[in-house]
Amino acid sequence: MQRINTIYDIYGQPFVIVKNEVIIEISRYFTDMTEYTDGELLNSNIKDLFKTLRVGPNVDTDNIDEQTECFLFTKSLEVKLVNIQIIQTVQGEVYVFLEKPDLNLEFNFPFANMLYAGNYYGIGIYSAPDKILLKANDKYISFFEKPYNKKKNCIGKHVSEFTTGFKGSTYEEIWNTVLKAEKQYNVDEYMYEGFNKGITYWRLSLVPIFEESKIKYCIEMLIDITDQVLHRKKVEEQAKIIKDQKEELEEIIQSIDDAIFIFDKDNKCYIKNKAARSYSSDSNLEQDCDTCKSAEYFDLNNNKVIPEQMTIAKIQRGQIIKNYKLKMVQGDDIKYISVSGRPIYDPDKNMRLSILHTRDITEDINKESIIKEQQNLLLKREIEKNEMLERAMKMKDEFLSLISHEFRTPLNVINSAIQAMNYMCGNELSDKSRKYLDMIKQNTFRQLRLVNNLLDITRADAGCIKINKKNIDIAFLTKAIIESVHIYASQKGVSVTFISSLEKVVGIDDEKYERILLNLLSNAIKFTPKG
Numbered sequence: 273m274q275r276i277n278t279i280y281d282i283y284g285q286p287f288v289i290v291k292n293e294v295i296i297e298i299s300r301y302f303t304d305m306t307e308y309t310d311g312e313l314l315n316s317n318i319k320d321l322f323k324t325l326r327v328g329p330n331v332d333t334d335n336i337d338e339q340t341e342c343f344l345f346t347k348s349l350e351v352k353l354v355n356i357q358i359i360q361t362v363q364g365e366v367y368v369f370l371e372k373p374d375l376n377l378e379f380n381f382p383f384a385n386m387l388y389a390g391n392y393y394g395i396g397i398y399s400a401p402d403k404i405l406l407k408a409n410d411k412y413i414s415f416f417e418k419p420y421n422k423k424k425n426c427i428g429k430h431v432s433e434f435t436t437g438f439k440g441s442t443y444e445e446i447w448n449t450v451l452k453a454e455k456q457y458n459v460d461e462y463m464y465e466g467f468n469k470g471i472t473y474w475r476l477s478l479v480p481i482f483e484e485s486k487i488k489y490c491i492e493m494l495i496d497i498t499d500q501v502l503h504r505k506k507v508e509e510q511a512k513i514i515k516d517q518k519e520e521l522e523e524i525i526q527s528i529d530d531a532i533f534i535f536d537k538d539n540k541c542y543i544k545n546k547a548a549r550s551y552s553s554d555s556n557l558e559q560d561c562d563t564c565k566s567a568e569y570f571d572l573n574n575n576k577v578i579p580e581q582m583t584i585a586k587i588q589r590g591q592i593i594k595n596y597k598l599k600m601v602q603g604d605d606i607k608y609i610s611v612s613g614r615p616i617y618d619p620d621k622n623m624r625l626s627i628l629h630t631r632d633i634t635e636d637i638n639k640e641s642i643i644k645e646q647q648n649l650l651l652k653r654e655i656e657k658n659e660m661l662e663r664a665m666k667m668k669d670e671f672l673s674l675i676s677h678e679f680r681t682p683l684n685v686i687n688s689a690i691q692a693m694n695y696m697c698g699n700e701l702s703d704k705s706r707k708y709l710d711m712i713k714q715n716t717f718r719q720l721r722l723v724n725n726l727l728d729i730t731r732a733d734a735g736c737i738k739i740n741k742k743n744i745d746i747a748f749l750t751k752a753i754i755e756s757v758h759i760y761a762s763q764k765g766v767s768v769t770f771i772s773s774l775e776k777v778v779g780i781d782d783e784k785y786e787r788i789l790l791n792l793l794s795n796a797i798k799f800t801p802k803g
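In my numbering, the protein residues as written are 273 to 803.
Below, the structure written as structure tokens:
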């Protein structure tokens with residue numbers, strides 16, 4: 273530490289005077305060099321001043337080596353190379369900052385400075401081997417995570433302080449390699465993973481700059497290639513997907529039991545699966561297809577199919593074929609096949625491929641033939657069965673008709689006898705005899721009604737029943753029919769009541785309506801408990 277009497281001995285130098293570690297005076301040259309005002313620096317601690325100026329690297333205010341070159345940064349974050357001397361005066365300790373005039377990054381590195389100014393490439397200039405960022409353009413700063421994407425938060429700091437995950441990373445290995453090998457290092461694709469920005473990709477070059485045969489600086493050039501890399505990866509993924517799909521499709525085609533033929537625009541078969549090769553014993557692809565073409569084809573009615581009507585010819589003309597059934601004859605070998613196919617067009621709507629899909633349906637055709645024979649046999653038997661059933665039904669109807677007529681004859685005789693007795697001997701009969709005659713008459717009518725029902729059933733089955741309609745008040749007719757069963761109902765201890773305000777004349781067969789209603793009422797009275 274030097275000692276002078278007054279500060280006039282160092283007039284014209286940038287300095288600050290410190291007393292009890294507090295800055296008490298600042299020279300105009302110091303404020304001009306640092307761009308800070310007196311008000312911003314006076315009465316602050318000397319250690320705080322060093323922090324404000326980002327003096328480094330690794331400068332200890334209590335043990336300053338006057339021979340060691342240091343960096344400091346102005347308010348606008350411009351770097352200055354200085355030697356710091358401490359001089360003891362009567363006013364206090366004077367810290368003199370002697371600027372080294374040879375640190376002019378713009379002058380010393382014109383090419384880097386042009387790239388820096390262009391702001392197209394990210395340019396950062398570091399001290400070596402300290403890895404302190406001395407200068408960087410906006411493009412370079414934008415690569416880093418918040419809050420280090422601002423110059424005030426990264427200029428003058430070690431690279432590890434503003435680069436996420438620097439310690440132990442590939443990026444640190446690159447730096448160590450450059451400093452050790454003293455050679456430029458280029459990375460075409462470096463993956464950088466940030467906390468907020470996620471994964472980005474850089475193309476970087478780290479170039480050492482020498483001074484007196486020693487590395488003094490390192491210039492790093494960064495280009496963000498995230499979009500290109502992601503696009504390439506997407507293309508690679510799509511290509512892999514297409515490749516996998518193609519291989520999967522080929523596997524599927526080969527494993528399909530049905531025959532697949534693919535023809536080019538010149539009608540040459542160049543792909544066929546394993547099932548398609550079974551159409552011929554020859555393993556040669558072209559010969560296989562020629563063999564298939566040489567076979568004779570017939571429709572299911574045994575009409576020969578000419579070449580112009582073949583499915584491949586139709587597909588070549590742009591038609592879509594679905595399940596066209598053919599009989600293929602090759603010598604003594606007969607196969608039935610179902611053929612489907614369609615043309616494939618390129619983006620310009622030119623036919624590029626023809627796909628033919630054939631299925632061997634010989635077994636299905638044979639089964640259909642057997643099933644058809646069985647169906648015909650079953651149909652024949654069903655017809656015979658129906659004919660026998662019709663004959664049996666006819667015999668039944670004839671029997672019922674005969675029985676009904678046979679029943680009617682004695683009933684009519686009995687009814688006539690009762691009428692004769694009432695007419696000729698009515699006055700001579702006792703009340704008891706009349707009662708028994710009425711019972712005979714009532715049951716005779718009941719039996720006659722049963723016979724008429726049987727006859728109606730027979731006529732209905734034969735389709736010969738007749739409906740004799742009359743215009744009758746349906747409510748009046750219904751009331752009359754119900755009143756006729758009052759005596760029968762009272763004998764069963766059942767009350768039957770009919771109430772209606774309806775007056776409606778309808779076309780109706782009153783005799784059949786009466787029969788239906790009496791049957792319903794008879795059953796209802798019969799099965800209704802007494803009371």
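C-beta atoms are modelled at their ideal positions from N, C-alpha and C, and glycine is treated no differently.
Model, not experiment: these values are computed from the prediction.
Taking C-beta atoms as the reference points, Y457 and F434 fail to come closer than 8 Å. Contact check for I627 against I528 fails: the beta carbons are separated by 8 Å or more.
A direct Cα-Cα distance of roughly 26 Å separates Y388 from A453. Along the length of the region 696 to 746, whole beta strand (DSSP E) runs at least 3 residues long occupy 742 to 745, reported in chain order.
Uninterrupted beta strand (DSSP E) stretches at least 3 residues long and entirely within the region 623 to 701 occur at 623 to 632, given in chain order. Approximately 15 Å separates the beta-carbon atoms of I532 and K518; this is outside 8 Å, ruling out the contact. In this structure the region 754 to 762 does not lie against the region 712 to 723, because fewer than three pairs of beta carbons, one per stretch, are closer than 8 Å. Here the alpha carbons of K512 and N330 stand approximately 52 Å from one another. Here the alpha carbon of F799 sits roughly 21 Å from the alpha carbon of K751.
Contiguous alpha helix (DSSP H) elements confined to the region 470 to 543 occur at 498 to 527, taking only those with 4 or more residues. DSSP, read as helix, strand or coil, puts K594 in strand. DSSP places I298 in the strand class (E or B) of the three-state scheme. Taking the Cα positions, E341 is about 18 Å away from K319. Using a 10 angstroms sphere on the CB of S399, the tally of other CB atoms reaches 16 or more, which defines it as buried. Between the alpha carbons of V685 and M667 lies a distance of about 28 Å.
From the listed residues T346, S641, F671 and G590, the smallest Cα separation to Y608 is found for S641. Contact between K411 and G394 holds, since their C-beta atoms are separated by about 4 Å, short of 8 Å.
Taking E307 as the centre and dropping the five residues before and after it, the same chain places the C-beta of T346, K347 and S348 closer than 7 Å to its C-beta, in chain order. A distance below 6 Å between beta-carbons, with the five flanking residues on each side excluded, links I739 to the following residues of its chain, in chain order: D781.
In this structure the region 564 to 578 does not touch the region 649 to 668; the number of beta carbon pairs closer than 8 Å is below three.
Around the beta-carbon of E700, fewer than 16 other beta-carbon atoms lie within 10 Å, marking it exposed. Counting of Cβ neighbours within 10 angstroms places C697 among the exposed residues, the total staying below 16. Every unbroken stretch of the alpha helix (DSSP H) spanning 4 or more residues and falling wholly within the region 744 to 799 is given here in chain order: 746 to 755, 758 to 763 and 782 to 798. The residues T583, S610, V611 and S612, in chain order, have a CB closer than 8 Å to that of Y596 in the same chain once the five nearest residues on each side in sequence are set aside. Around C426, the same chain offers L405, A408, I413, F416, Y420, E433 and F434 as residues with beta carbons nearer than 8 Å, after the five sequence neighbours per side are excluded.
Comparing alpha-carbon positions, the option among I788, L790 and S767 lying closest to P801 turns out to be S767.
In this structure the region 493 to 509 touches the region 465 to 478; the number of beta carbon pairs closer than 8 Å is three or more.
With respect to E445, F438 sits apart: the two C-beta atoms are not nearer than 8 Å. Judged by their CB atoms, N539 and Q591 are not nearer to each other than the 8 Å cut-off. Judged by DSSP in its simplified three-state form, Y420 adopts coil rather than helix or strand. At a cut-off of 4 residues, the continuous stretches assigned as alpha helix (DSSP H) that sit fully inside the region 387 to 465 are 410 to 413, 431 to 434 and 442 to 453. Between the region 331 to 339 and the region 347 to 362 there are three or more inter-stretch CB-CB distances shorter than 8 Å, so the stretches are counted as touching.
In the DSSP assignment, the residues bridged to V288 are I298 and Y367. For E312, the enclosing alpha helix (DSSP H) covers residues D310 to L313. The Cβ atoms of K488 and I481 lie closer than 8 Å to each other.
Using a Cβ distance threshold of 8 Å, L790 and I753 count as a contacting pair.
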